[in-house]
Amino acid sequence: MSDGAQFRQVSPVRLYQRIVEQIEQAIARGDLKPGQRLPSERELVTQFGASRPTVREALRVLESNGLVRSRPGDPNGPEILPFSPAGLTKEMTRLVQFDNVSMAELISFRMILDGSASLLAARLRSEEELSAMERTLAVMSDAIEAGYEEFSKADVAFHEAVAVASRNSLIEVCNQVVRGAVLSLISDKVAHARNSTALMRESLRHHQEVLEAIRVRDGQAAARISRRTLYDYYAGYVPEDEQGPLLALVDDEETSTPRP
1 MSDGAQFRQV SPVRLYQRIV EQIEQAIARG DLKPGQRLPS ERELVTQFGA SRPTVREALR
61 VLESNGLVRS RPGDPNGPEI LPFSPAGLTK EMTRLVQFDN VSMAELISFR MILDGSASLL
121 AARLRSEEEL SAMERTLAVM SDAIEAGYEE FSKADVAFHE AVAVASRNSL IEVCNQVVRG
181 AVLSLISDKV AHARNSTALM RESLRHHQEV LEAIRVRDGQ AAARISRRTL YDYYAGYVPE
241 DEQGPLLALV DDEETSTPRP
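Read in order, the letters of the sequence shown are residues 1 to 260 in UniProt numbering.
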């Protein structure tokens, strides 16, 4: 027997998975675009040479993955949907809930993404994008008295404005996914923290510092302050013995862990 490559036993692939793969590849290539329709179920059965239940199972998987949408009674084929990060957010949240990804990993990843977005935004932002960031902070300030829910919406809008100004769509999408996963896990704790108002005021101050660094195009400062802001806001929700990755991302200055 040869001592070369080692192979694993192969697993059978169900026919519906092959159909899913072909349609996903067509979407990835741009052959199928958002708003377009797949052929009717009957036509798909003919084109794929598969049974009706097999085609239906493939369409069910595609719909659950957020790639297509079928409407009951619609005589047309399923509609191709635009990309949405909702599915990624759901999967990332599930990973954290099942302990495959720790809260420390999730928050440190957000610190990396947010710091990079702020650095790029400081160097690439337009005046219009800067104005958009300023408007979101004004809303954040007004929302403190309204409560955490309204404040959180304005906070999200600020980070989205920064991500847009980074000119990197992957940062924009990943930031949205990670932020959604973090908030889905701890937003209730933040909203009901005894010092919730103080935390919101401190968060606003840090965001204003990030904005000022972006205004003067100091990318390094914007990234540093952005990472520090997230550390100060979220470190209290991470066990102390797991905070190493977070601490590695902030400067060698005295850290102050919030007390929820």
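Yeah, the Cβ is synthetic: ideal placement off N, Cα and C, and Gly gets one too.
task = Measure the alpha-carbon distance for LEU32 versus GLU63 and round it to whole angstroms.
result = The straight-line gap from Cα to Cα measures roughly 15 Å.
request  = Determine the direct distance from the alpha carbon of TYR231 to that of ALA104, and round the result to whole angstroms.
outcome  = Straight-line Cα distance between these residues: approximately 10 Å.
ask   = ARG217 to PHE158, Cα distance in whole Å?
value = Going by C-alpha positions, ARG217 is about 17 Å away from PHE158.
query = From residue 266 to HIS207, what distance separates their C-alpha atoms?
reply = Limits of the chain in this structure are 1 at one end and 260 at the other, which puts residue 266 out of reach.
inquiry  = Helix, strand or coil, according to DSSP, for GLU79 in the structure here?
reply    = Reduced to three states, the DSSP call for GLU79 is strand.
request  = Sort out for me which residues DSSP pairs VAL68 with in a bridge.
outcome  = Beta-bridge partners assigned by DSSP to VAL68: ILE80.
request  = Compute the distance between the beta-carbons of GLY66 and LEU81, then report whether it is under 8 Å.
outcome  = Contact: yes.
ask   = With a cut-off of 8 Å, do at least 3 Cβ pairs link the segment 107-116 to the segment 243-252?
value = With a cut-off of 8 Å, the segment 243-252 and the segment 107-116 count as touching, because enough Cβ pairs lie within range.
message = To test your reading of the DSSP string, which unbroken alpha helix (DSSP H) runs of 4 or more residues are found completely within the segment 167-235?
response = If we require 4 residues or more, the alpha helix (DSSP H) runs fully inside the segment 167-235 come out as 169-191, 196-215 and 219-234.
inquiry  = Using the Cβ count rule (16 or more neighbours within 10 Å means buried), how would you classify ARG259?
reply    = Residue confidence for ARG259 is low, a pLDDT of 41 falling below 50, so the modelled location carries little weight; the figure read from the coordinates is stated next. Looking at its Cβ environment, which holds fewer than 16 other Cβ atoms inside 10 Å, ARG259 is exposed.
request  = Indicate whether the contact test is met: 3 or more Cβ pairs, each with one atom in the segment 72-80 and one in the segment 150-164, closer than 8 Å.
outcome  = The segment 72-80 makes no contact with the segment 150-164: fewer than 3 CB pairs, one atom from each, lie closer than 8 Å.
Distance between ALA117 and GLN176 (C-alpha atoms, nearest Å) = CA-CA distance, GLN176 to ALA117, rounds to 12 Å.
ask   = Short check: CB of ARG60 to CB of ILE144, under 8 Å?
value = Not a contact, by the Cβ cut-off of 8 Å.
message = On the CB-based measure, 16 or more other CB atoms within 10 Å of its CB, does PHE151 come out buried or exposed?
response = Flag for PHE151 reads buried.
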